[in-house]
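Going letter by letter, the sequence shown gives residues -22 to -1, 1 to 243 in mature numbering (1 follows the signal peptide of the UniProt record, and there is no 0).
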Amino acid sequence: MINAVVRIAALGCLLMTLCACVTTKVAPELTLDDRSFRTQVSHAPSPEEITYATEDSYIGVDDPLHKFNRTMYAFNSRFDTYVFLPAVSVYEAVFIPPLRKGISNSIDNLNEVPNFVNSVLQAKPERAFKVLGRFLVNSTLGVLGLFDVATEMGIDRRKEDFGQTLGVWGVDDGPYLVLPVLGPSNVRDTAGLVGDYFITYYEMEAIYDVADVEDRDTARNVNTGVRALNARSTTPFRYYSTDTPFEYEFVRFLYTKKRELDVER
């Protein structure tokens, strides 16, 4: 009788423990799936490990807004999963790959205008000449940019943005910043987005004038939507797929180092 009571009590404790494990929520970036080849470790890094990955290691980046940034990173992952990627799936279902490639090429060709402006502002005449050459070749031989003839001719695409221009002018990148939907950035690059927006805005307004587009609001919305879907469709990154509890830190580090190289080249 006593043994039965003890067994029942032990079973009850075990069930409560399992329930607690199930209901306890851990931030996705602080978890790892079990893998047979890993040494058994705690799935939740200690505060010391987090501090090391955030501040003291080689991947440390100036991130005083990390609480806001982590919240925004989690929001972006949910938006990506439940809104952006489903919309991309519909986009890819409606437009066959050759057509999507043509759309992507056309957008890249339109983006040669801000590339050209920023190359000039960065005092890089040789690069500006190549960008202009790409635009002229693809706008004519490439049928308004549908085909990337310039790359086949050996004129490679080089992306230049106003964030890089500010960096060339000596503006510090400032603290790391995660933007809603747009993702990794910093204070300087966020300001740069404003500059690129105005360049692209006036470029498209000029195109609407030439094409005699009457419903400008619809045209602007379609342009924004197609650009966003194309950008996400051609970006292979998926949130929480890096198999590390420090995905946030690695994304932050890779973005920061990439932007440093973009400014230096």
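Yeah, the Cβ is synthetic: ideal placement off N, Cα and C, and Gly gets one too.
request  = Using the Cα positions of T2 and F53, report the straight-line distance between them to the nearest angstrom.
outcome  = Residue numbering aside, residue 2 sits at position 24 when the sequence shown is read from its first letter. Residue numbering aside, residue 53 sits at position 75 when the sequence shown is read from its first letter. Legend: pLDDT at T2 = 36, less than 50; position of this residue unreliable, no value from coordinates given.
query = What residue ranges within the region 58 to 120 form continuous alpha helix (DSSP H) runs of no fewer than 4 residues, ordered along the chain?
reply = 63 to 72, 75 to 88, 90 to 99, 103 to 118
key: the region 125 to 144 in contact with the region 92 to 109 per 3-pair CB rule at 8 Å   = yes
inquiry  = Residues in the same chain with beta-carbon distance under 7 Å from D240, minus the five sequence neighbours each way, listed in chain order, please.
reply    = As a first step, residue 240 must be located in the sequence shown, where it is residue number 262. Excluding sequence neighbours, D240 sits near Q142.
query = Which value, in whole angstroms, describes the spacing of the CA atoms of L63 and R210?
reply = Counting from 1 along the sequence shown, the entry for residue 63 is found at position 85. Counting from 1 along the sequence shown, the entry for residue 210 is found at position 232. Rounded to the nearest angstrom, the two C-alpha atoms are 8 Å apart.
inquiry  = Could you give the first and the last residue of the continuous beta strand (DSSP E) run that contains V156?
reply    = If you number the sequence shown from 1, residue 156 lands on position 178. Note, V156: beta strand (DSSP E), 154 to 157.
request  = Taking D151 and R237 to be in contact with their CB atoms under 8 Å, please state how far apart those CB atoms are, rounded to whole angstroms.
outcome  = Stepping through the sequence shown from its first residue, residue 151 is reached at position 173. Stepping through the sequence shown from its first residue, residue 237 is reached at position 259. Indeed, because the Cβ distance is near 6 Å, the residues count as touching under 8 Å.
ask   = Can you list, in chain order, the residues of its chain whose CB lies under 7 Å from that of L(-5), leaving out five sequence neighbours each side?
value = In the sequence shown, counting from the first residue as 1, residue -5 sits at position 18. The pLDDT assigned to L(-5) is 38, lower than 50, so where the model puts this residue is not dependable; a value taken from the coordinates is nonetheless given after this. Correct list: empty, nothing qualifies.
request  = Can you tell me which of F107, Y175, M50, G38 puts its alpha carbon nearest to the alpha carbon of D134?
outcome  = Taking the first residue of the sequence shown as 1, we reach residue 134 at position 156. It is F107 whose Cα lies nearest to the Cα of D134.
message = So for S55, helix, strand or coil by DSSP?
response = Along the sequence shown, one-based indexing puts residue 55 at 77. The answer is helix: DSSP assigns S55 an H, G or I state.
ask   = Near M182, what residues of its chain come up, given a Cβ to Cβ distance below 7 Å and the 5 sequence neighbours on each side ignored?
value = The count along the sequence shown starts at 1 and reaches residue 182 at position 204. Once the five neighbours on either side are set aside, the close Cβ partners of M182 are N201.
message = What residue range does the beta strand (DSSP E) around G161 cover?
response = Reading the sequence shown from its first residue, position 183 is the one you call residue 161. Residues 161 to 164.
request  = Would you check if the distance between the CB atom of F228 and the CB atom of T220 is smaller than 8 Å?
outcome  = The residue labelled residue 228 in the question sits at position 250 within the sequence shown. The residue labelled residue 220 in the question sits at position 242 within the sequence shown. Closer than 8 Å, so yes.
ask   = When burial is assigned at 16 or more other CB atoms within 10 Å of the CB, is P76 buried or exposed?
value = Counted from its first residue, the sequence shown places residue 76 at position 98. Counting Cβ neighbours within 10 Å, P76 comes out exposed, since fewer than 16 surround it.
key: CB contact flag (N87, G111, <8 Å)   = As a first step, residue 87 must be located in the sequence shown, where it is residue number 109. As a first step, residue 111 must be located in the sequence shown, where it is residue number 133. Cβ distance not < 8 Å, so N87 and G111 don't count as in contact.
ask   = Does the beta-carbon of L232 have 16 or more other beta-carbons within 10 angstroms, so that it is buried, or is it exposed?
value = Taking the first residue of the sequence shown as position 1, residue 232 is located at position 254. Answer is exposed; the Cβ neighbour count stays below 16.
query = With 16 as the cutoff for other CB atoms within 10 Å, does G203 come out buried or exposed?
reply = In the sequence shown, counting from the first residue as 1, residue 203 sits at position 225. Exposed: under 16 other Cβ atoms inside 10 Å.
request  = Keeping to the same chain, check which residues put their C-beta closer than 6 Å to that of residue 250; ignore five residues upstream and five downstream.
outcome  = Lying outside -22 to 243, the shown extent of the chain, residue 250 is not represented and no answer is given.
message = Please return the same chain residues whose Cβ sits closer than 8 Å to the Cβ of F46, not counting the five positions on each side in sequence.
response = Stepping through the sequence shown from its first residue, residue 46 is reached at position 68. If we look at F46 and ignore the five residues flanking it on each side, its Cβ neighbours are V156.
inquiry  = Please give me, in chain order, every unbroken run of the alpha helix (DSSP H) with length at least 4 that falls completely inside the region 186 to 238.
reply    = 194 to 211
query = What number of angstroms, rounded off, separates the C-alpha of T49 from the C-alpha of V149?
reply = As a first step, residue 49 is located in the sequence shown; it is residue number 71 there, counting from the start. As a first step, residue 149 is located in the sequence shown; it is residue number 171 there, counting from the start. When rounded, the distance between both Cα atoms is 27 Å.
query = Shortest alpha-carbon distance to V146 belongs to which of T212, D58, D167?
reply = In the sequence shown, counting from the first residue as 1, residue 146 sits at position 168. Measuring from the Cα of V146, the nearest candidate turns out to be D167.
inquiry  = Less than 8 Å between the beta carbons of P92 and D187, yes or no?
reply    = Counting from one through the sequence shown, the residue named residue 92 turns up at place 114. Counting from one through the sequence shown, the residue named residue 187 turns up at place 209. No; because the gap between Cβ atoms is not below 8 Å, this pair is not in contact.
message = In whole angstroms, give me the CA-to-CA distance for V127 and V98.
response = Reading the sequence shown from its first residue, position 149 is the one you call residue 127. Reading the sequence shown from its first residue, position 120 is the one you call residue 98. Each residue's Cα considered, the two are about 23 Å apart.
message = My output table needs one value for D139: the three-state DSSP class, helix, strand or coil.
response = Mapped onto the sequence shown, residue 139 falls at position 161. Three-state result, D139: coil.
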